[in-house]
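Peer 1:
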Amino acid sequence: MITAARNYLVFLRRCARIAFVGDWRYYAWMGGLTIVILFGINAYAKQLVDGLIVTGMSDEVSWGVYIANFTFLVGVAAAAVMMVIPVYIYDNEELHDLVIFGELLAVAAILMCLSFVTVDLGRPDRFWHLIPGLGQLNFPRSMLSWDVIVLNGYLLLNVHICGYLLYCRYQDKKPSKWFYIPFVFIAIVWAISIHTVTAFLYVGLGGRPFWNASIVGPRFLASAFTAGPAIIILALQVIRSYTNYRITDKALLTLRGIVQVSMIINVFLLVCEIFKEFYSGTTHGVSAKYLFVGLHGHHALVPWIWTAIGFNLIAMVILVLPVSRSLKYLNVACALCIVGIWIEKGMGLVIPGFIPTPLGAFVEYLPSLNETLVCLGIWAFGLLCYTVFLRMAVPILQGRLAKANEGQPEIQGDEPASVAPVSPATH
Amino acid sequence: MSSPFSSPDKTSDAAMSRRNFLRGTAALGGLTALAASLSPLLELDDLTSTEKFLQKYYKEMTPDDMSKVIKRISNEVERQYGVRPHVRDLKPMDGVEFVYCLNLTRCIGCRKCVHACVNENNQSRNPEIQYIRVLKMPHGSMDVEKGNHTYDDKHVPDPGYFYMPIQCQQCHNPPCVKVCPVNATWQEKDGITVIDYDWCIGCRYCEAACPYWARRFNWTKPQIPKERLNPNMAYLGNRPRKQGVMEKCHFCIQRTRDGRYPACLEVCPVGARKFGNILDPNSEVSYILREKRVFIQLKEEMGTNPRFFYYFDK
Ligand code: SF4
Ligand code: SF4
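Listed in order, the protein sequences are those of chains U and B. Just so we're aligned, residue 1 is where the first sequence starts under my numbering, counting upward by one. Just so we're aligned, residue 1001 is where the second sequence starts under my numbering, counting upward by one.
What follows is the structure, encoded as structure tokens:
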């Protein structure tokens, strides 16, 4: 028992240590991120003092880019499941080890989600009112209370799965199936639920016709399953070029298949939505008219949404053509998907839901500088977390950070494994 | 990271101490930068006290807890505004359910109710928070999207228009209550939906959910000139709010639960506003809802079933 605890502490210490060592590029990257984070903290401190008035939000548009980013990132977190499904259900060898990278991305994304919700609160000091037992969680009536539960649950699930698998690999032990397979299956269902619940957050509001449409849920899933794997495709290539971790093109192309299909479904659902809003000509389509073509001299969102649609369409065309088997084109398509869907979820979904107000007033919204800095800070924080996670996970997966080499000189950079042989995949 | 760097002196003592020195400097620099980035917090004057931080949920407070909280609030108000307020925790009365009726034939759009409300309910004056929004509507339409929110006519009423004041409709089925993640807002027995300003976390989900755009958020620290403060206060009513919480019309709880009329009704120069107990068959509102041929609940299709009715004379 005591040795087990000691071993675990040593494991944690060695992981923490490696997060702080690397070559100059690592330091430069982490230093840059830290600076952006500090700017974000500074902006948030100002917001804490003066209130949310330092954002571009108002009583008319009462949610802005914080909630937009939150919504987008829930999708990214949910999409980690896209790598898990083929591995555990179809036993796809190519993706086996990469699942960990996907799940770590989910963890980083959820951490960002939680940060985005927190900075959006008017009274973050009262967060404990949300804790069941201590506070008054309005479960199951409020969709937001569902979101609190599913997001935190998802975080725990993924932390457990990644942590357990990595620790087993570190000890060169075969992971016991009972300790993680059930959780993996729960996580798969759970991933769908986090995004569905987040969609229901909007869909449940009868007073907002733009959101109160059943298509919002499916569209959320489709767009998440496009943007999420697209991010993973790019992330895996970064890992491959900065470490000597072996990631095959075939794995990337498997993910391409997922992005491809999801994007087609996403665009199809968009067409359904546009048709319904415009063809029937009812007054319910006011927000959509404002979004797509502008109304009564207000058209702040028009350039955004057409950029998003343009990006998505170009990405779809590239993805269905065989050229996207070449990584160069695939990367372009992925980048377009990510930006396109980010805009679509934020400027294209959250903001127009508020315009016009339920009383018909048109008040537009643009994020303020302070708000933007807070957002950048949180993104930098997320990237920093993901970098640290990878920094720990890669050497463990390669067998260079293992129990076997405890006490030997610690690895510094990403030198090829000379300390311990690369152990074959153990699970 | 890919370049295997293997400087020969990697583990020599000199290199070690140089690295440690560099690390120390980096850590120190980082801490300084962190402190600098947090410096705006020095201006945070309204720091929460343990007592405030741990304050219980309204419905879980004993009378004893409540009197302590009321004392704290009174002290705070006195310190801030130099006026000793009279704060009460007024409970709903038995056999009472409030209803509001507004005569659209009479309303002239003078916005006197809007300002009387601000004065009565201690809303922030800068930025000004108003619970009532009066729409100038073209003849013949009840579609709020045709309304003008910012009309600025010298003389009202403007021919060819009618005026529709909108405030919290005190729904029977309030979407705002349903969505609140922490039960900070709820419907009371007498039909009034209230907010515990000390429990609200400021997520603004209720503001998005309300189909009548009735809720207002304190985007910054509310400002009320000392001489304008209304010292007659209720816990769930018009006591001064803090930055970062939600508020809205509560049918002037501090008056109506004390047998008086809401401020907006008293000030209305044309008698367009009627208020009373729907459970009392002899009340004016009961008479109106019984005798008028047509009365309207705004956005009836939302299923919110408002306790606010619009009617016409002829
Ligand atoms: S009008 Fe709006 S704020 Fe008032 S009870 Fe209904 S939903 Fe709630
Ligand atoms: S802003 Fe306050 S009252 Fe409104 S839903 Fe959030 S916690 Fe509840």
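No residue lacks a Cβ here, since even glycine has one placed at the ideal position from N, Cα and C.
Looking only at C-alpha atoms, which of Arg-1290(B), Leu-1034(B), Ser-1039(B) and Thr-1256(B) sits nearest to Asp-1190(B)?
Peer 2: Ranking Arg-1290(B), Leu-1034(B), Ser-1039(B) and Thr-1256(B) by Cα distance to Asp-1190(B) puts Thr-1256(B) first.
Peer 1: When the Cα atoms are used, what is the spatial distance from Leu-369(U) to Leu-95(U)?
Peer 2: Cα to Cα, Leu-369(U) sits roughly 41 Å from Leu-95(U).
Peer 1: Do three or more CB pairs link the stretch 232 to 249 of chain U to the stretch 393 to 403 of chain U at distances below 8 Å?
Peer 2: Output reads yes: the stretch 393 to 403 of chain U touches the stretch 232 to 249 of chain U.
Peer 1: If you measure from the beta carbon of Gly-353(U) to each beta carbon in chain B, is any gap under 9 Å?
Peer 2: Cβ-Cβ to chain B under 9 Å: yes for Gly-353(U).
Peer 1: Grouping DSSP H, G and I as helix and E and B as strand, with all else coil, what is Glu-406(U)?
Peer 2: Of the three classes helix, strand and coil, the one that applies to Glu-406(U) here is coil, per DSSP.
Peer 1: Applying the 10 Å Cβ sphere with the 16-neighbour rule, what's the burial state of Ala-4(U)?
Peer 2: Ala-4(U) should be labelled exposed.
Peer 1: Quick one: Cα of Lys-328(U) to Cα of Ala-308(U), how far?
Peer 2: Going from the Cα of Lys-328(U) to the Cα of Ala-308(U) covers about 21 Å.
Peer 1: Is Ile-192(U) closer than 9 Å to Val-81(U) when the C-beta atoms are compared?
Peer 2: Yes; because the gap between Cβ atoms is below 9 Å, this pair is in contact.
Peer 1: Would you verify that the beta carbon of Ala-315(U) is, or is not, closer than 9 Å to some beta carbon of chain B?
Peer 2: Chain B contact via Cβ: absent.
Peer 1: Using only the alpha-carbon positions, how far apart do Met-1(U) and Asn-7(U) sit?
Peer 2: Met-1(U) and Asn-7(U): Cα-Cα distance of roughly 10 Å.
Peer 1: Apply the 10 Å Cβ neighbour rule to Met-263(U) and answer buried if 16 or more other Cβ atoms are within range, or exposed otherwise.
Peer 2: It is buried - the Cβ of Met-263(U) has at least 16 other Cβ atoms within 10 Å.
Peer 1: Going by DSSP in three states, Trp-1186(B) sits in which element: helix, strand or coil?
Peer 2: Reduced to three states, the DSSP call for Trp-1186(B) is strand.
Peer 1: Taking Gln-1169(B) as the reference, which of Val-1245(B), His-1250(B) and Thr-1220(B) has the closest Cα?
Peer 2: Cα-wise, what sits closest to Gln-1169(B) is His-1250(B).
Peer 1: So what does DSSP say about Gly-1276(B), is it helix, strand or coil?
Peer 2: Gly-1276(B) falls in the strand class under three-state DSSP.
Peer 1: For Ile-305(U) versus Val-76(U), is the C-beta distance shorter than 9 Å?
Peer 2: For Ile-305(U) and Val-76(U), no; Cβs fall outside 9 Å.
Peer 1: When burial is assigned at 16 or more other CB atoms within 10 Å of the CB, is Ala-209(U) buried or exposed?
Peer 2: For the record, residue 209(U) in the displayed sequence is Pro; it is not Ala. That one is buried.
Peer 1: Would you decide whether Asp-59(U) is buried or exposed? Buried here means 16 or more other CB atoms lie within 10 Å of its CB.
Peer 2: By the 10 Å Cβ count, Asp-59(U) comes out buried.
Peer 1: On a CA-only basis, which of Cys-1210(B), Asp-1198(B), Asn-1232(B) and Gln-1243(B) is nearest Phe-1217(B)? Give me that one, please.
Peer 2: Comparing Cα positions, the closest option is Gln-1243(B).
Peer 1: At a cut-off of 8 Å, is Val-54(U) close to ligand 2 when judged by its beta-carbon and the heavy atoms of the ligand?
Peer 2: It does not: the Cβ of Val-54(U) is nowhere closer than 8 Å to a heavy atom of ligand 2.
Peer 1: Based on the DSSP secondary-structure assignment, which residues constitute the bridge partners of Thr-1304(B)?
Peer 2: For Thr-1304(B), which the question treats as bridged, DSSP gives no partner whatsoever.
Peer 1: Tell me where the alpha helix (DSSP H) around Arg-14(U) begins and ends.
Peer 2: Where Arg-14(U) is concerned, the enclosing alpha helix (DSSP H) stretches over 2 to 19.
Peer 1: Say the cut is 8 Å; is the CB of Thr-357(U) nearer than that to a heavy atom of ligand 1?
Peer 2: Not under cutoff, so the answer is no.
Peer 1: In whole angstroms, give me the CA-to-CA distance for Ser-1002(B) and Met-392(U).
Peer 2: Low per-residue confidence applies at Ser-1002(B): pLDDT is 41, beneath 50, and the placement is therefore not dependable, though the value from the model is reported in the following sentence. Approximately 15 Å between the Cα atoms of the pair.
Peer 1: For Ala-425(U), which three-state DSSP category applies?
Peer 2: Interpretation of Ala-425(U) is limited by its pLDDT of 42, a score under 50 that renders its predicted location unreliable; no figure is taken from the coordinates.
Peer 1: Find the nearest neighbour of Val-302(U) within the set Tyr-290(U), Gln-171(U) and Ile-161(U), judged by alpha-carbon distance.
Peer 2: Among Tyr-290(U), Gln-171(U) and Ile-161(U), the Cα nearest to that of Val-302(U) belongs to Tyr-290(U).
Peer 1: Are the beta-carbon atoms belonging to Phe-1275(B) and Cys-1110(B) less than 9 Å from one another?
Peer 2: Not a contact, by the Cβ cut-off of 9 Å.
Peer 1: When you compare the CB positions of Pro-1306(B) and Tyr-1212(B), do they come within less than 9 Å of one another, or not?
Peer 2: Result yes, Cβ atoms of Pro-1306(B) and Tyr-1212(B) sit closer than 9 Å.
Peer 1: How many angstroms separate the CA atom of Pro-1063(B) from the CA atom of Ile-1073(B)?
Peer 2: The alpha-carbon atoms of Pro-1063(B) and Ile-1073(B) are separated by roughly 15 Å.
Peer 1: Under the three-state reduction of DSSP, which class applies to Phe-1312(B): helix, strand or coil?
Peer 2: Coil at Phe-1312(B), not helix or strand.
Peer 1: Say the cut is 8 Å; is the CB of Pro-1174(B) nearer than that to a heavy atom of ligand 1?
Peer 2: Answer for Pro-1174(B): yes, Cβ within range of ligand 1.
Peer 1: Which residue comes first and which comes last in the beta strand (DSSP E) that contains Met-1164(B)?
Peer 2: Element bounds for Met-1164(B): 1161 to 1166.
Peer 1: With Leu-1028(B) as the anchor, note down where its alpha helix (DSSP H) starts and where it stops.
Peer 2: Run containing Leu-1028(B): 1013 to 1038, per the alpha helix (DSSP H) assignment.
Peer 1: If we define contact as Cβ-Cβ less than 9 Å, is Pro-229(U) a contact residue for chain B?
Peer 2: Answer no: the Cβ-Cβ gap between Pro-229(U) and chain B never drops below 9 Å.
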